[in-house]
Amino acid sequence: MDYDYYMNEAIREAGKAEESEDVPIGCVIVSGDRIIARAHNQVELLKDATAHAEMIALTQAESYQEDWRLNDAVLFVTKEPCPMCAGAILQSRIKKVVYGAPAPLDGAAGTVIDLLRNAELGSNVECIGGIKEEECRKLLRDFFKKVRSKIFSEKKF
């Protein structure tokens with residue numbers, strides 16, 4: 000499986016999130032060698048805290064497969080999943096998660112907590128991090144730099 004190719008597709012989705020002023024996180028889900036779902040963050044666009052790229056992609060993939068069980072699927076995402084997304088990934092039976100940048104504040108694939116490989120939860124999702132990490136990290140860093148700049152330029156001191 001060509002991790003760089005699929006992560007590039009997730010990065011392309013992240014760009015769509017940024018266009019709508021959402022945090023630039025993108026996700027694709029692959030079954031076999033076919034992309035069965037593509038999504039990007041739409042939290043701001045939809046005014047919905049659950050509209051993370053992973054959540055939207057999981058719904059699309061389940062619809063495509065006509066089953067909530069995605070046993071043979073691999074999820075590619077530009078940033079390590081948060082606890083909400085990790086829970087949904089577990090519930091959908093995804094077998095592998097490949098992510099770009101770690102999430103030091105809320106990473107649930109090993110950086111802060113490890114919900115995806117937690118024996119107490121009976122979870123054993125294979126996780127591979129750091130694929131195109133610098134490119135994924137740069138998307139996030141540049142986005143938040145722009146947001147901070149906008150906030151400070153609007154403040155009157």
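For the sequence shown, numbering that gives the first Met the number 0 begins at 0 and goes up steadily by one.
Glycine included, each C-beta is placed from N, C-alpha and C at the ideal position.
On a predicted model such as this, the values are computed, not experimentally measured, just so you know.
#1: Using a Cβ-Cβ cut-off of 6 Å (strictly less than) and excluding sequence neighbours within five positions of Pro23, which residues of its own chain qualify?
#2: Determine whether the beta carbon atoms of Cys26 and Leu69 lie at a separation below 8 Å.
#3: Identify every residue that forms a DSSP beta bridge with Arg33.
#4: Just to confirm, is the Cβ distance from Cys126 to Ala108 under 8 Å?
#5: Tell me the start and end of each unbroken beta strand (DSSP E) in the stretch 58-134 that is at least 3 residues and wholly inside, in chain order.
#6: Can the beta-carbon of Tyr63 be found closer than 8 Å to that of Ala38?
#7: Please check the pair Glu79 and Ala100, which I expect to be a contact at CB under 8 Å, by giving their CB distance rounded to whole angstroms.
#8: If distances are taken between C-alpha atoms only, which option among Ile34, Ala9, Leu45, Val29 comes closest to Glu20?
#9: Measure the alpha-carbon distance for Gly31 versus Met0 and round it to whole angstroms.
#10: Name the one or two DSSP bridge partners that His39 has.
#11: Please return the same chain residues whose Cβ sits closer than 8 Å to the Cβ of Val111, not counting the five positions on each side in sequence.
#12: Using alpha carbons as the reference points, say which of Gln90, Ser148, Ile150 lies closest to Gly121.
#13: With H, G and I counted as helix, E and B as strand and the rest as coil, what does DSSP make of Asp1?
#14: Looking at the structure shown, is Ser19 part of a helix, part of a strand, or coil, going by DSSP?
#15: Name the residue from Ile130, Ala50, Met54 whose alpha carbon lies nearest to the alpha carbon of Ile93.
Let's see:
#1: Once the five neighbours on either side are set aside, the close Cβ partners of Pro23 are Ala13, Ala16, Glu17, Leu138, Phe142.
#2: When the beta-carbon positions are compared, Cys26 and Leu69 stay at least 8 Å from each other.
#3: The beta-bridge partner set that DSSP reports for Arg33 consists of Ser30.
#4: For Cys126 and Ala108, yes; Cβs fall inside 8 Å.
#5: Those beta strand (DSSP E) runs which fall completely within the stretch 58-134 and span 3+ residues are 72-78, 95-100, 125-127.
#6: Going by C-beta atoms, Tyr63 is not nearer than 8 Å to Ala38.
#7: Right, their Cβ atoms sit about 7 Å apart.
#8: It is Leu45 whose Cα lies nearest to the Cα of Glu20.
#9: Taken atom to atom, the span from the alpha-carbon of Gly31 to that of Met0 is near 9 Å.
#10: His39 pairs with Gly25.
#11: Result list for Val111: Ala102, Pro103, Leu104, Asp105, in chain order.
#12: For the residues Gln90, Ser148, Ile150, the minimum Cα distance to Gly121 belongs to Gln90.
#13: Asp1 sits in coil when the DSSP states are folded into three classes, being neither helix nor strand.
#14: Taken through DSSP and simplified to helix, strand or coil, Ser19 comes out as coil.
#15: Checked all of Ile130, Ala50, Met54; the closest Cα to Ile93 is Met54.
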